[in-house]
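Take any residue in the first sequence, note its place counting from 1, add 439, and you have its number in this note's numbering.
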Amino acid sequence: MRAEPTILHLDLDAFYAAVEQRDKPSLRGRPVVVGGVGGRGVVATASYEARAYGVRSAMSTREARARCPHAAYLSGRFDAYRAASALVMEQLRRLSPLVEPLSLDEAFVDLAAGDALAGTADVATVTAVAERLKADVHEVTEGLTASVGIGSSKLIAKIASDLRKPDGLVVVAPGTERDLLRPMPITTIPGVGPATAERLRRLGVHTVADAERMAVDELVALLGRAHGEGLYRLVRADDDRPVVAEREAKSISVEDTFDSDVVEQRMVDALVERQATKVVGRLRAAGLAGRTVTVKVRLHDFSTLSRSTTLPAPTDDVRTVVALARTLVHEVDTAGGVRLLGVGISGLADWIQEDLFGALGATGDPGTGSADPAVDAPADGDPAAAPTTEDAADIEAFTVARPWPPGADVHHVDHGDGWVWGAGLGRVTVRFETRRTGPGPVRTFASDDPGLSRGHRAEGGASDPPPASG
DNA sequence: TCTGGGGTCCTAGGACCC
DNA sequence: TCTGGGGTCCTAGGACCC
């Protein structure tokens with residue numbers, strides 16, 4: 440917590456619905472609901488006119504229609520939302536380079552890191568800056584309104600922006616933070632959702648003041664280490680989390696809920712394949728690769744399972760991801776019908792393994808390539824100790840062995856101080872990696888040559904999975 | 001025929017290594 | 001051939017956020 444109110448939180452009011460009303464004059468003054476319009480959709484944003492009928496975010500669209508049948512139900516135009524969001528973020532960055540977007544319609548700004556305050560962070564100055572910001576946002580977005588909160592921490596700024604929605608502005612004077620929080624319901628604290636609130640309620644804790652009376656150890660016993668200690672501090676307005684710009688993505692995923700449960704295995708396979716392809720498309724568009732592939736399955740009874748597997752090195756290869764995703768989904772009993780399927784990739788990195796046969800020659804033929812000059816020389820007298828062009832030519836002989844990961848059509852073979860593995864469904868990806876003992880570079884190569892799926896041999900060096908496989 | 005889609009973070013248990 | 005503890009990685013699940 441700072442001595443001055445220099446953290447700003449901006450939240451665009453009923454954002455998706457407001458963009459729709461801006462762009463379609465016939466919707467202005469009318470209830471508008473943006474979200475899933477299918478049989479299993481939920482509300483993403485309801486305009487204030489729709490909220491008057493009790494329509495809320497996260498409510499099922501079915502229920503929203505029951506409460507407000509005459510609203511306009513729209514599935515959303517995310518390109519338009521992204522464009523409007525970019526204009527707003529641009530305004531925020533004029534105040535300070537330290538802007539942390541939380542979503543398309545929300546962001547923190549560290550005013551102390553910019554020159555908008557010109558060194559004076561008293562309440563009057565920050566209020567004037569925020570008034571100006573709201574006017575600028577209204578202007579550049581051609582009519583959208585924002586609610587702004589300013590305080591001495593992220594916690595206070597965020598809570599403040601929620602106090603006078605829509606089109607609100609609240610600056611919390613330093614020193615008054617705890618008095619502000621005490622009477623509030625404990626669910627006001629970000630991170631206290633339904634499950635946490637219920638645990639606290641059983642102990643008679645309903646407000647921030649109630650929670651303040653609990654000891655750290657009690658909270659930790661109730662909620663776990665991180666959450667318990669975090670809440671102990673937050674209810675005391677003790678928050679020094681920094682505003683962090685440009686956080687890197689940690690995972691990319693795609694999921695779909697179907698209007699009716701999918702029963703046929705072939706359909707499940709086809710859907711997973713499509714999702715895996717889509718997720719790799721987004722991965723590659725971001726210039727990334729990933730090590731861990733996860734599939735998510737929600738069954739007819741809403742129970743949700745996930746299965747994941749981690750590769751020794753990042754991949755951005757569609758066939759590899761498709762094959763792994765399909766293998767993973769087969770580990771789940773989907774016979775009773777599937778409500779949702781999803782495919783995700785995590786363990787992201789901005790590098791991928793070199794393509795072995797790209798390095799050796801454009802033909803993709805393992806036997807005709809030329810040496811990659813970057814490859815270190817093999818160890819003397821040990822033909823299998825280090826990768827050379829000759830080893831590459833012999834890869835077929837090494838590409839053998841037991842399935843890895845279990846159940847997948849994936850193979851590897853120990854190769855001296857390196858190893859080879861591949862994945863695929865007759866469209867095998869083989870990667871060849873050398874690991875040296877001790878520090879130093881790791882050379883990696885890859886191939887997608889289908890010929891490498893042939894000639895599997897059970898003898899000749901099959902051994903344990905690659906070290907990174909766990 | 002309740003209950004989206006895109007994420008983040010945390011926990012717990014097991015494997016494995018020193 | 002028993003008794004460890006700590007650290008890291010992986011997997012699965014859960015809570016939470018917008």
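For every residue, glycine included, the Cβ atom is placed at its ideal position computed from N, Cα and C.
- Less than 9 Å divides the Cβ of D789 from the Cβ of A728.
- Counting along the chain, D649 sits inside the alpha helix (DSSP H) bounded by residues 647 to 651.
- Secondary structure at P464: helix, using DSSP grouped into helix, strand and coil.
- In this structure A612 is exposed. Its beta-carbon is surrounded by fewer than 16 other beta-carbon atoms within 10 angstroms.
- Taking D755 as the centre and dropping the five residues before and after it, the same chain places the C-beta of V719, L722, R723, L727, A728, G729, I791 closer than 8 Å to its C-beta, in chain order.
- Bridge pairing for K593: absent [DSSP].
- For T500 against Y487, the beta-carbon gap comes to about 18 Å, at or over 8 Å, which does not count as contact.
- Counting along the chain, H448 sits inside the beta strand (DSSP E) bounded by residues 446 to 451.
- Per the C-alpha coordinates, the member of A764, G783, D740, D544 positioned closest to G775 is D740.
- Taking C-beta separations shorter than 8 Å and ignoring five residues to either side along the sequence, the partners of P605 in its chain run D452, A453, Y487, T584, S586, following chain order.
- Straight-line spacing of the CA atoms in R652 and T646 works out to 10 Å.
- Nearest Cα to G632 within the set L619, H666, E770, S524: H666.
- Using a C-beta cut-off of 8 Å, the stretch 695 to 708 makes contact with the stretch 466 to 481, since at least three inter-stretch Cβ pairs fall below that distance.
- Contact annotation, V693 with K717: C-beta distance approximately 5 Å; criterion of less than 8 Å satisfied.
- Bridge partners of L513 according to DSSP: V473.
- The distance from the Cβ of A650 to that of L670 is about 7 Å, consistent with a contact at the 8 Å cut-off.
- Beta-bridge pairing by DSSP links F741 to no other residue.
- Around the CB of Q530, 16 or more other CB atoms lie within 10 Å, so the residue is classed as buried.
- Runs of the alpha helix (DSSP H) lying entirely within the stretch 614 to 671, each at least 4 residues long, are 616 to 620, 633 to 641, 647 to 651, 655 to 662 in chain order.
- Within the model, the alpha-carbon separation for R640 versus T559 is close to 42 Å.
- Beta-bridge analysis with DSSP links A728 to A788.
- Nearest neighbour of V683 by Cα position, chosen from P540, V473, S745, turns out to be P540.
- The C-beta separation of I595 from E616 comes to about 5 Å, placing the pair in contact by the 8 Å criterion.
- Under the DSSP assignment, V609 falls in the beta strand (DSSP E) whose first and last residues are 608 to 610.
- For V757, there is no enclosing beta strand (DSSP E); the enclosing alpha helix (DSSP H) covers residues 757 to 769.
- When DSSP states are grouped into helix, strand and coil, K689 belongs to the coil group.
- In the three-state reduction of the DSSP assignment, K735 falls in the strand class, which pools E and B.
- Per DSSP, reduced to three states, the secondary structure at T566 is helical.
- When Cβ pairs closer than 8 Å are counted between the two stretches, the stretch 521 to 538 is seen to touch the stretch 550 to 559, the count reaching three or more.
- Per DSSP, reduced to three states, the secondary structure at V683 is coil, with no helix or strand assignment.
- DSSP, reduced to helix, strand and coil, places S524 within a helical segment of the structure shown.
- Looking at the backbone, the Cα of V782 and that of V734 are separated by about 5 Å.
- Per the coordinates, the alpha-carbon of L608 lies some 30 Å from the alpha-carbon of V644.
- Rounded to whole angstroms, S592 and P508 show a C-alpha spacing of 41 Å.
- Here E545 is buried, its C-beta having at least 16 other C-beta atoms within 10 Å.
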